[in-house]
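Beneath this line is the structure, given in structure tokens, with notes to follow.
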Amino acid sequence: MSLTRVPGLLFGGDYNPEQWPEEVWAEDVRLMAEAGVTMATVAVFAWSRLEPAPGAYDFSWLDRVLDLLHEHGVAADLATATATPPPWLVRDHPEVMPVDAAGVRLEFGSRQGYCPSSPVFREHAVRLATAMATRYGGHPALAMWHVGNEYADHTLECFCPESARHFRAWLRARYGSVGALNAAWGTSCWGQHYTGFEQVEPPRRAPGPVNPGQLLDWRRFCSDALLELFTAERDALRAITPGVPVTTNFMSLLHGLDYWAWAAEEDLVSDDAYPDPADPGSHVAVALSYDLMRSLRQRPWLLLESAPSAVSWREVNVPKPPGMMRLHSLQAVAHGADGVMFFQWRQARYGPEKFHSALLPHGGVHTRGWQDTLRLGADLRRLAEVAGAATRAEVALVFGWESWWGLEAPESMPSDRLRLKDLLLSWYAPLHARGIAVDLAPPDRDLSAYRVVIVPNLYLCTAEQAKALAAVTGELVVGPFSGVVDASDQVHPGGAPGPLRDLLGVAVDEFWPLPDGATQRVRHADGGTGLARTWAEWLRPDDDVTVLARYAGGDLDGLPAVTRRGRATYVSCLLDDVTPVLDRVLGDVPALRVPPGVEAVRRGRHLFLLNHTTDPQRITLPFAGRDLLTDTDLRGSVGLAPRDAVVLRIEGDT
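Here it is, written out as structure tokens:
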């Protein structure tokens, strides 16, 4: 489903008119039109203003806001306003507030103050969403519904009695009997055998480590409980406005929610991304998250929040230097975004985010920030033809949230230093540096379309997932600590790599985590050497397995580190540099060679060249074409100023 009422690339931000006197609104919409704003996110935190008393609605002010936006050509991403309940709801029903793992009920005064399982909160949230859809379903400004806001940012879980009842109902639906639950959780360990579901509680604070099977199911439940909250509002909206797309803003690579499951319930994937201006490598990590957003539904997505300059929540909130706001925005478009939105339109004068940057800063139109806003709006208009274009990737990175949750369970692993984001980036960064397009995929997806499939880690691996990986027709690379446990977090018979054993042709004799600061040297078959950190393994390969690299020195000296059977390569350690493995498996997968710090991204018929460095760069162009940003024909090579960009419409049928 697309935003058919808003052609081209979207541009705008969160608009909170309720924070300002009404006489300011006319200036807001006039300046929005001047900047080329095409959409504003409205009413995200407005529940207490829209429903000041139970069942008593005041839509008059929002009517005027939406009318003003429409008159100035600005569409509305209209929120259901349920991101934070009003004070009267909390005081009338204190049980809607969440309880932490220590049993403390949290107080009103921030945001996301709700228990995801609370039937009272759900009832009132759906009622408000229904009233919003009834009121504004036919309004000409309405382009999209925005449900909630940044689910699991502050409230991922609740440990109250209502959540416990909901958890038990979820477990009954999953297991059917308490016997099946005992078997899945291995409750004979540490004397945890249950004789009835009523004895099961959420994993509150306990004297020692909590059952890993229980923790894994709790992670599943918490993601599902919040998803139920989202879909309840979504269904109410669809019943009244079936043609209006519904979204909620994701938070990049968020640990708490299974975005593969969530994206299937949305009409449009949207994301909030805040790369750190002080981190010179942040553009690589955010590119990974952007590729995830594109991959969730395998279609264009929307950057719904980003920062024009400084944020307000880091210990040191560094502003974006000249050119970075534009560069970060163009990067999102390069990776499949059909629009760039910001938090927020007008910089607040009060509240926790009063020092968070905005498209219209405190200083108004005489600021560097406002000039950046005007420039970006003009650039996005020039790139309108990019909207809707697809990205073709021949390399896939595979990961699943359930495996991630199991991998990073507290207090029960060989090492808590093995982190999924580090594993993903260890493979993604060199692919990104070569300009190779990458999709992300869940482990049970059909992967036959890819020439190279890389699984950085699949700690939790089922027989069905192993079968999907065995069906890969291209090159397959599997990273360390994979195939260790089943869906219940129980070690596979015979140990790792469990159901991947026949595919990879190795058995893990013993895990060999490395202490902080320690390294393990690795010697490749061609004589080159490298270093492993954090993790290694004592492997026993089958006779028909080729050893591509061995550990050199230390207790693992001479043992296999990287092996290959058929098309499947196994990397048993966390290598500092995976280039030797990539050189072997990528073959003639198309790459775009550019200097370090320059990003090359192909989207449809457009090539984005983004200079993330503070030095001028010269790029040899693989294609001739027209730079849409400068309306200039280019061929041969092009110079890029610091933090500058070229968006080349490629000539011919390439």
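Using my numbering, the first residue of the sequence shown is number -4, and each one after it goes up by one. Quick reminder that beta carbons are idealized off the backbone N, C-alpha and C, glycines included. Only a predicted model underlies this, so the values are computations on that prediction, with no experimental measurement involved.
Residue i, buried or exposed, once every other Cβ within 10 Å from all chains shown has been counted against 16
i, result
"Thr627", "exposed"
"Tyr345", "exposed"
"Leu526", "exposed"
"Trp213", "buried"
"Thr243", "buried"
"Arg117", "buried"
"Val335", "buried"
"Ala720", "One cannot answer for residue 720 here, as it falls past the ends of the chain, which runs -4 to 649."
"Met(-4)", "Residue placement at Met(-4) is flagged as unreliable, the pLDDT there being 43, under the threshold of 50; a coordinate-derived value is accordingly withheld."
"Ala71", "buried"
"His161", "buried"
"Glu261", "buried"
"Arg199", "exposed"
"Gly522", "exposed"
"Glu505", "exposed"
"Gln209", "buried"
"Thr558", "buried"
"Lys462", "exposed"
"Val19", "exposed"
Minimum C-alpha distance to residue i - residue among the options
i, options, result
"Phe192", "Asn206, Gly174, Pro202", "Gly174"
"His351", "Tyr269, Gly171, Leu418, Thr77", "Tyr269"
"Gly512", "Ala428, Thr529, Pro240", "Thr529"
"Tyr170", "Gly238, Ser483, Arg376", "Ser483"
"Ala444", "Leu464, Glu459, Pro425", "Leu464"
"Arg440", "Ile431, Gly331, Arg292, Pro2", "Arg292"
"Gln612", "Arg600, Tyr454, Arg588, Val328", "Arg588"
"Ala332", "Ala353, Gly68, Met288, Met320", "Met288"
"Leu63", "Pro47, Glu22, Glu152", "Glu22"
"Ala327", "Ser43, Val381, Pro314", "Val381"
"Leu298", "Pro585, Val448, Ala35, Met408", "Ala35"
"Thr514", "Gly549, Pro488, Asp537, Arg545", "Gly549"
"Leu509", "Leu453, Leu420, Asp411", "Asp411"
"Asp367", "Ser304, Met408, Ala168, Leu137", "Ser304"
"Trp340", "Asp58, Val69, Gly50", "Val69"
CB-CB length for residue i against residue j, believed under 8 Å
i, j, result
"Val641", "Leu624", "7 Å"
"Gly500", "Arg560", "4 Å"
"Arg122", "Phe54", "With 8 Å as the limit, Arg122 and Phe54 do not qualify as a contact, their Cβ atoms being about 14 Å apart."
"Ala531", "Cys568", "4 Å"
"Pro80", "Tyr109", "6 Å"
Test item: CB-CB of residue i and residue j under 8 Å
i, j, result
"Ala147", "Leu249", "yes"
"Leu643", "Ser632", "no"
"Phe338", "Ala302", "yes"
"Arg638", "Leu322", "yes"
"Pro475", "Gln460", "no"
"Asp267", "Phe245", "yes"
"Leu84", "Val94", "no"
"Gly143", "Ala38", "no"
"Ser719", "Pro275", "For residue 719 there is no data in the structure shown, the boundaries of the chain being -4 and 649."
"Leu369", "Ala30", "yes"
"Val580", "Glu406", "no"
"Val729", "Leu605", "Nothing can be reported for residue 729: it is not among the residues displayed for the chain, which extend from -4 to 649."
"Val239", "Arg229", "no"
"Leu375", "Phe6", "yes"
"Met127", "Ala76", "yes"
"Val584", "Val472", "no"
"Ala159", "Glu196", "yes"
"Leu551", "Trp507", "yes"
"His67", "Val115", "no"
"Pro111", "Leu232", "no"
"Arg535", "Ala502", "yes"
"Leu151", "Gly251", "yes"
"Ala258", "Val264", "yes"
"Leu453", "Leu419", "no"
"Ala41", "Glu13", "yes"
Paired residues, beta bridge with residue i - DSSP
i, result
"Thr608", "According to DSSP, Thr608 bridges with nothing at all."
"Met651", "The chain is shown from -4 up to 649; residue 651 falls before or after that span and cannot be answered."
"Val37", "Tyr10, Leu73"
"Ser265", "Asn244, Leu297"
"Ser632", "Thr615"
"Trp672", "Residue numbering for the chain in the displayed model covers -4 to 649; residue 672 lies beyond these limits and cannot be assessed."
"Pro555", "Arg545"
"Tyr565", "Val473, Thr558"
"Val486", "Val480"
"Val447", "Val390, Glu470"
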